[in-house]
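Below is one structure; the comments refer to it alone.
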Amino acid sequence: MIGKTLAHYEITGLLGKGGMGEVFRALDPKLGREVAIKVLPPEVAGDPERAARFEREAKSLATLQHANVASIYGWEETPDARFLVMELVEGDDLSEVLKSGALPIDDAISVAKQIAEGLEEAHENGIVHRDLKPANVKRTPDGKVKILDFGLAMAMAGQSAAEEDSISSMATMTQAMTQAGMILGTAAYMSPEQARGLAVDRRTDIWAFGVILFEMLAGRRLFEGE
Numbered sequence: 187m188i189g190k191t192l193a194h195y196e197i198t199g200l201l202g203k204g205g206m207g208e209v210f211r212a213l214d215p216k217l218g219r220e221v222a223i224k225v226l227p228p229e230v231a232g233d234p235e236r237a238a239r240f241e242r243e244a245k246s247l248a249t250l251q252h253a254n255v256a257s258i259y260g261w262e263e264t265p266d267a268r269f270l271v272m273e274l275v276e277g278d279d280l281s282e283v284l285k286s287g288a289l290p291i292d293d294a295i296s297v298a299k300q301i302a303e304g305l306e307e308a309h310e311n312g313i314v315h316r317d318l319k320p321a322n323v324k325r326t327p328d329g330k331v332k333i334l335d336f337g338l339a340m341a342m343a344g345q346s347a348a349e350e351d352s353i354s355s356m357a358t359m360t361q362a363m364t365q366a367g368m369i370l371g372t373a374a375y376m377s378p379e380q381a382r383g384l385a386v387d388r389r390t391d392i393w394a395f396g397v398i399l400f401e402m403l404a405g406r407r408l409f410e411g412e
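Here the working numbering is used: the first residue of the sequence shown is 187, the next is one more, and so on.
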């Protein structure tokens, strides 16, 4: 992909790979700015219904504007790919920072406060992250904290927040997870209700926030077992 063009975006580098697709650094020549592009995996991009649901969810997430949340700029389709255009956040993610051990108390409080403010804004707008973990939190060189991939786990399952509200049985939720080909969350940071496949709300993010706070202060994961 490096050196190629998607729509009018010029791909300049690979930022990462994961269950929700590959993420590339790209240049938007129209606006003269760098962006992050998340290319959806084939199993999502090739399923018209799931792609349409992802697009609807992305439009909802694009309304979330907060200093501590990485913004979604747009949704694009080409003959070769479907992809999200997002704010490019420079700096290290918290999982890399924590490899060196616990953060100083004042530093941990500053990071935690910014995560909490971003979460609160999202929750007030009815958006739940569902996959909050250190790898989804970035700290810029000037100390600004940004939460990444807000709500995309839910979108990957092909469910909107309204649709999820109607889910009450474990079987139904497990089926949705199987269809998505992924567990919606990361085990070490996942609330008990989310791990059981039950419907979740903002409290699942508050649980994950607490687990991250512990890790920042203690320098180790709170839950390290299988």
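We put the CB at the ideal spot given by N, CA and C, even for glycine.
When the beta-carbon positions are compared, R211 and G202 stay at least 7 Å from each other.
Under DSSP, the beta-bridge partners assigned to K203 are E208.
Exposed is the label assigned to H194, since fewer than 16 other Cβ atoms lie within 10 Å of its Cβ. In this structure R325 touches G277 by the C-beta definition: roughly 5 Å separates them, less than 8 Å. The DSSP-derived three-state label of I333 is strand. Taking A248 as reference, the option from S296, E220 and N311 with the minimal CA-CA separation is N311. Secondary structure note for M402: its alpha helix (DSSP H) is the uninterrupted segment R388 to A404. By the CB criterion at 7 Å, V271 and I223 fall inside the cutoff. Sequence-distant Cβ neighbours of V221 in its own chain, meaning closer than 6 Å and more than five residues away, are A212, D214, V271 and L274. A straight-line Cα-Cα distance of about 43 Å links D233 and L403. Under the DSSP assignment, F240 falls in the alpha helix (DSSP H) whose first and last residues are P234 to L247.
Annotation: E410 is outside any alpha helix (DSSP H) and is labelled neither H nor E by DSSP. Annotation: the continuous alpha helix (DSSP H) that includes E310 extends over I291 to E310. Proximity to A394 across V331, E307, N322 and E263 peaks at N322, based on C-alpha coordinates.
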